[in-house]
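What follows is a set of notes on a single structure, which appears directly below.
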Amino acid sequence: MPRYLLTAALPYANGPIHIGHLAGCYLPADVYHRYLKAKGEDALLICGTDEHGVAITLQARKEGVTPQELVDRNFKVIHQAFEGLGIVFTHFSRTSREIHHREAQAFFLDLYNKGFLKEKTTSQFYDPVAGTFLADRYLVGTCPHCSFDGAYGDQCEKCGTSLSPDELQYPRSVLSGSVPEKRETNNWFLPMDEMLHLPEFATYTERIARWKSNVKGQFNSWVQQGLQPRSMTRDLDWGVKVPLEGAEGKVLYVWFDAPIGYLSATKEYMDLQGNPEGWRDYWESEDSRLVHFIGKDNIVFHTLIFPMMLAAHGQMVLPWQVPANEFMNLEGRKLSTSRGWAVWLHEYLQDIPGRQDELRYTLLCNLPETKDADFSWQDYQLRVNSELVAILGNFVNRVMVLTHKLSDGHCGDLPTVEANTSHVSLELELAGTRQEILLAMEQFRLREAMAGVIHLARLGNRYLAETEPWKLLKTDSEAASRVLRLAAELCAELCIALEPFLPFTASKLSHQLQWQASAQEREAWWNPGSADSKGTVDARTRYLAQGHRLGPAALLFVPIEDELIQAQIHKLSPMNDSKLENDPKPENKSKPENTPKPDAELKPEVTYDQFAALDLRIATILSAQPVPGADKVLEIKVDLGDEQRTVVSGIAQHFQPEELVGKQVLMLTNLAPRKIRGIVSQGMLLMAENQEGQLVLVGPNGNGILPGDRVS
RNA sequence: GGCGGGGUAGCUCAGAUGGUUAGAGCGUAGGAUUCAUAACCCUAAGGUCGGCAGUUCGAUUCUGCUCCCCGCUACCA
């Protein structure tokens, strides 16, 4: 029997969890895990917070707390929110724990000792303004081969040559624009190009054919493009220390360290179970199936880099399946935490208490399994009211009420096959739907499986409509009793079927029926073939004993009122601005390898002389045109009164070129010229950024201002 | 810009190794019913399957080009 090792992407501890995270991986992981457990499989679901990386340190600095304080707080919020929604992990750890540091270092050393990590000493550039070492691509300068003044630290875009940063002439920092200092530093590289040919990895590559198209596509694309050695260490002080001599001030690259979190969390769990070697059954055993639940932004790391690390380490299983989901939008727009465009799980649980399954259901119905999906509050209301309330809740309620009317809640006999063909056709349809649910689950089509479960209740409603037990009640109470018994059996079956998806509802229903599924009953239901020969009433598994008394009827779901929806929509957009079309800086980064954004704090004070050094003037835009091969910059010609200049400005996604012509704008004129995309930019246009992240021209308000007029 | 994924009924989404009437749920309309949270049940209307070419006896399904959305990546002095 296979064992399953499920992982859900480690949530990054710089903020709480929102519905996008849930739909992307945590809810599917939880449902699949519950499904496997119900089926009687041996399965672990491992997760934990990822607490390292630059973004954490920046966020902490912004809030005026230490990184540790920040991650402590977020760990708690995240962990509690998951629990609140019934997302149950076998173990939920965190990468800041000692065991993780130890494991990550051991893993690193293992690869190091096997020769998979190649040290390179480089004169890395250090940005004295940003206070950080600069990754290769954060450097620009002149290419030594073709003299192109826009080459990056790793490659020249113009002539295609691969470069190392110290080959660059006249290097500059992309972050601050300052001239970086050269500082000696060592880093360790994973030779991904070579590792592609490891036998373990080559074997692994074959199974990718049966994966989802989005995952397959990304994987193939990377392999075909050719891989390059990638540095697995960083010059930073927050993270897992590099366990080598002379590596002070260096930590493991978060993408090296984070997936090892799956391993260290498993070990931590097994230690707590008093079974310190137990992790081997899941990580080293051939019959173990490693499944990574992730969002689409993580595909390359989970299908390429981490598997290579595992292959290099040796003896470890490589992913069996990576059912990566696309993204969940909110009311038609991308989620954006910085603009408050998100539904936060911890807030939902607080604002709408006792409605966990309503959220689980709506998200499950809309999982972005093949493409980006959309969550809207109206859809939420509609799904709850017309599906959970009207189909599922109503069916159960009808059965409960009728049974109490008929026999004070006591269950009668099961119908016989000959009694009425409605019974038989119900049985057949139930069995068919069950098979569809099972098939969908096997193929990670959770949305379809969820719909199938609701369909079971729909079949129940149809059965009641056909048999009309409320009429039989008066004419033939025996017949009524049999119909209701079968309907009650279906309620019990619903209990089992609902559990992985809507555990709170399953539990309520179970209580209401005064009945609980045994492990055998659950396993029989969830295993194909185990009960499908019992398609008729006489032979079917009986869940409820004859004469069993149901508990008092209680509503499983209550309709969502308009006011609730209005309040949530209102909360979502305090300034309901319909112009918010483009999202130039969407929040979606789960990892910190991105350019740090300037934070909201005031910068350190400057002297008057420093200010006076700036030459600020009003310019009039004469023309603006797109730059071929660049999405974000425009080539702009401006009039400064006695001269005209060309400026290359990164505003292409905020303005149409034609709408800029003739506008007056504030300009910094004595900034050092700089080539961008082969065009010399002589100065910088100054813009204001509003709360939605849109750029707005800054220009004179009064009259009589001419091009070239000074600003001071 | 490069690479990958997606664009299918009013809405949210399935599906199609190319072939008679392209599906589901919701919504809408009509009917039936009253046990039930005015819920359930039945029926119907609704789609040039992003656009333009091509291959083919036949394409929504294959090929090329193009537009739009998303991700990775590059670009923002």
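Going by my numbering, the first residue of the first sequence is number 3, and it counts up by one from there.
Backbone N, C-alpha and C fix where the C-beta goes; we use that ideal spot for every residue, glycine too.
Length of the line joining the Cα atoms of residue i and residue j
{"i": "Asn-387", "j": "Pro-561", "result": "5 Å"}
{"i": "Gly-643", "j": "Leu-636", "result": "21 Å"}
{"i": "Val-608", "j": "Asp-617", "result": "16 Å"}
{"i": "Lys-116", "j": "Lys-218", "result": "30 Å"}
{"i": "Ala-521", "j": "Ile-498", "result": "10 Å"}
{"i": "Val-73", "j": "Gly-17", "result": "9 Å"}
{"i": "Glu-495", "j": "Arg-209", "result": "35 Å"}
{"i": "Leu-229", "j": "Phe-118", "result": "15 Å"}
{"i": "Phe-308", "j": "Tyr-14", "result": "17 Å"}
{"i": "Glu-328", "j": "Met-194", "result": "26 Å"}
{"i": "Glu-65", "j": "Ile-58", "result": "11 Å"}
{"i": "Ser-266", "j": "Ile-101", "result": "7 Å"}
{"i": "Asp-711", "j": "Thr-339", "result": "40 Å"}
{"i": "Leu-699", "j": "Ser-651", "result": "12 Å"}
{"i": "Arg-676", "j": "Arg-212", "result": "49 Å"}
{"i": "Glu-121", "j": "Glu-247", "result": "12 Å"}
{"i": "Ala-249", "j": "Gly-86", "result": "42 Å"}
{"i": "Leu-113", "j": "Asp-129", "result": "31 Å"}
{"i": "Ala-526", "j": "Ser-215", "result": "32 Å"}
Pair within 9 Å by beta-carbon distance, residue i and residue j
{"i": "Met-673", "j": "Gly-701", "result": "A quick correction: the sequence has Leu, not Met, at residue 673. No. Outside cutoff."}
{"i": "Leu-488", "j": "His-550", "result": "no"}
{"i": "Val-319", "j": "Glu-349", "result": "no"}
{"i": "Gly-454", "j": "Phe-397", "result": "no"}
{"i": "Ser-479", "j": "Leu-408", "result": "yes"}
{"i": "Trp-281", "j": "Ile-567", "result": "no"}
{"i": "Asn-529", "j": "Leu-440", "result": "yes"}
{"i": "Asp-353", "j": "Ala-569", "result": "yes"}
{"i": "Leu-515", "j": "Ala-490", "result": "yes"}
{"i": "Asp-359", "j": "Thr-123", "result": "no"}
{"i": "Trp-240", "j": "Gly-55", "result": "yes"}
{"i": "Phe-94", "j": "Cys-27", "result": "no"}
{"i": "Phe-258", "j": "Met-311", "result": "yes"}
{"i": "Leu-504", "j": "Cys-413", "result": "no"}
Exposed unless 16 or more other CB atoms sit within 10 angstroms - verdict on residue i
{"i": "Ala-621", "result": "buried"}
{"i": "Phe-91", "result": "buried"}
{"i": "Met-3", "result": "exposed"}
{"i": "Thr-187", "result": "buried"}
{"i": "Ala-204", "result": "exposed"}
{"i": "His-513", "result": "exposed"}
{"i": "Gln-226", "result": "exposed"}
{"i": "Pro-173", "result": "buried"}
{"i": "Lys-573", "result": "exposed"}
{"i": "Ser-714", "result": "exposed"}
{"i": "Pro-594", "result": "At Pro-594 the pLDDT is 32, less than 50, meaning the model places this residue with poor confidence; the figure from the coordinates comes in the next sentence. By the neighbour-count rule (16 or more Cβ atoms within 10 Å), Pro-594 is buried."}
{"i": "Ser-683", "result": "buried"}
{"i": "Tyr-34", "result": "buried"}
Per-residue DSSP class, three states only, for residue i
{"i": "Ala-344", "result": "coil"}
{"i": "Val-244", "result": "coil"}
{"i": "Ala-15", "result": "coil"}
{"i": "Gly-356", "result": "coil"}
{"i": "Gly-50", "result": "strand"}
{"i": "Glu-583", "result": "Low local confidence applies: a pLDDT of 32 at Glu-583 is under 50, so the model's placement there is unreliable, and no value is given."}
{"i": "Ser-625", "result": "strand"}
{"i": "Leu-274", "result": "helix"}
{"i": "Gln-684", "result": "coil"}
{"i": "Asn-189", "result": "strand"}
{"i": "Lys-1", "result": "No answer is possible for residue 1: it lies beyond the span of the chain, which begins at 3 and ends at 714."}
{"i": "Asp-129", "result": "strand"}
{"i": "His-199", "result": "coil"}
{"i": "Leu-488", "result": "helix"}
{"i": "Asn-327", "result": "strand"}
{"i": "Arg-282", "result": "helix"}
{"i": "Pro-1", "result": "Because the chain is modelled from 3 through 714, residue 1 falls outside the range shown and cannot be assessed."}
{"i": "Lys-407", "result": "helix"}
Beta bridge counterpart(s) of residue i as assigned by DSSP
{"i": "Tyr-6", "result": "Ala-45, Arg-291"}
{"i": "Ser-338", "result": "Trp-343"}
{"i": "Phe-377", "result": "Leu-332"}
{"i": "Glu-121", "result": "Trp-190"}
{"i": "Ala-690", "result": "Val-698"}
{"i": "Gly-297", "result": "Asn-327"}
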